[in-house]
Amino acid sequence: MTTPSWRDDPAHGLRIAMADGEFDAYLARPDSAPRPAVVVLHEVFGVNADLRETCDELAAAGYLALCPELFWRQARGVDLSVRSKTDWEQGLAYYRAFDLDLGVRDVAATVAAARTLPGSTGKVGVMGFCLGGLLTFLSAARTPVDAAVAFHGARTDEFLAEADGVRAPLQMHLADQDEFIPKEAQRRIEDALRGRPGFEVHGYPGCRHAFSRHGGMHYDAEAARLSRSRTLDFLRRHLG
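Residue numbers (the numbering used here): 390 to 629.
Pasting the structure below:
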C-alpha cells in the first residue's frame, strides 16, 4: 500500500489522501501533547453525533481521537440519525454495498496518519462499534496496531479464520442479549481468541446490541459507564 498523506482541513478536521482518492476524518485533540491516538470506527450511521461525542470523550481522557468516514466511496459526509427509520434504511444500504477489504485499507491509512500527527506519541489504537467493531477485529488481524477495542462487532464470527493474525492486545464488549450476535456466535468468537496475549472479553447481562450508543434505543447507562471505564483502563495499559 502506498503511504498515505494527510493534511489538516479546517472544514473537515483531517483529510487523508490515498492513491484512489481522499477521505475526511473527524479529529478531536486533548488539551496537552504528546498523546497516544485512537482511531474510532463508526457504525452504519457514519460520522454522526454519537461518534463525534465518543471522540470528544476520548480527547477529554487524553487521547487524539480520529473518526474516518468509511463510506466515502459511496457518499460524502454521511451523518445519520439512529432515531430515523429513513436514516436506518440508508445506513443499511451503505452497509450492504460496503467493501470490507477496502475499509480495512482505509483504517490502515488512518492509523498511519495518526502515528505522524503533531502531538502524537506514535502509539495508535483502534476502537469500533458494530460494523466498526468488525473492522477493528479485521484491522487487528491485518494491520499493525498497538491496541484494539471492539464493541458488538456483528459478523466477527464469520472471519475467525483470521484470528491467528491478531497480534495486538484486543478487548471485546458483547451484550448478552445482542440480537445480531447470538450466544453461539459469541462462544465461537471467545473460543477462537482465548489464550491470545492481551485478549479480554466482557459481557453485559440484560443488554442488547449497541447498549453504549449515545441516544440509542437500547442505551444502558450503567453498562455504558462500565464499558467506558474498562476501555480507558485497557487503553492506558497498552497505549499509555
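Just so it is clear, CB atoms sit at the ideal spot from N, CA and C, and this is done for glycine as well.
- In the three-state DSSP reduction, V493 falls in the helix class (H, G or I).
- Look at E547 here: in three-state DSSP terms it is helix.
- Our two residues, P419 and E442, have alpha carbons roughly 14 Å apart in a direct line.
- Contact fails between the stretch 533-553 and the stretch 459-466, because fewer than three Cβ pairs, one in each stretch, are under 8 Å apart.
- Within the stretch 408-475, the runs of beta strand (DSSP E) at least 3 residues long that lie entirely inside it are, in chain order, 410-417, 424-430, 453-457.
- A check of alpha carbon separations from A501 across E589, H591, I405, E579 identifies I405 as the nearest.
- Per DSSP, reduced to three states, the secondary structure at E611 is helical.
- For F526, the enclosing alpha helix (DSSP H) covers residues 520-531.
- Rounded to whole angstroms, the separation of the alpha carbons of M516 and E589 is 14 Å.
- Annotation: the continuous alpha helix (DSSP H) that includes Q575 extends over 572-582.
- When only Cα atoms are considered, E579 and D567 end up about 15 Å apart.
- Under DSSP, E589 takes part in a beta bridge, and its partners are Q560.
- A direct Cα-to-Cα measurement between R597 and H541 gives close to 9 Å.
- In this structure, the CA atom of R504 is about 6 Å from the CA atom of V513.
- At a Cβ-Cβ threshold of 9 Å, L621 and H591 do not count as neighbours.
- Judged by DSSP in its simplified three-state form, A486 adopts helix.
- For A529, the closest alpha carbon among the candidates L430, Y608, Y593 is that of L430.
- Secondary structure note for A537: its beta strand (DSSP E) is the uninterrupted segment 536-540.
- Around the beta-carbon of L481, fewer than 16 other beta-carbon atoms lie within 10 Å, marking it exposed.
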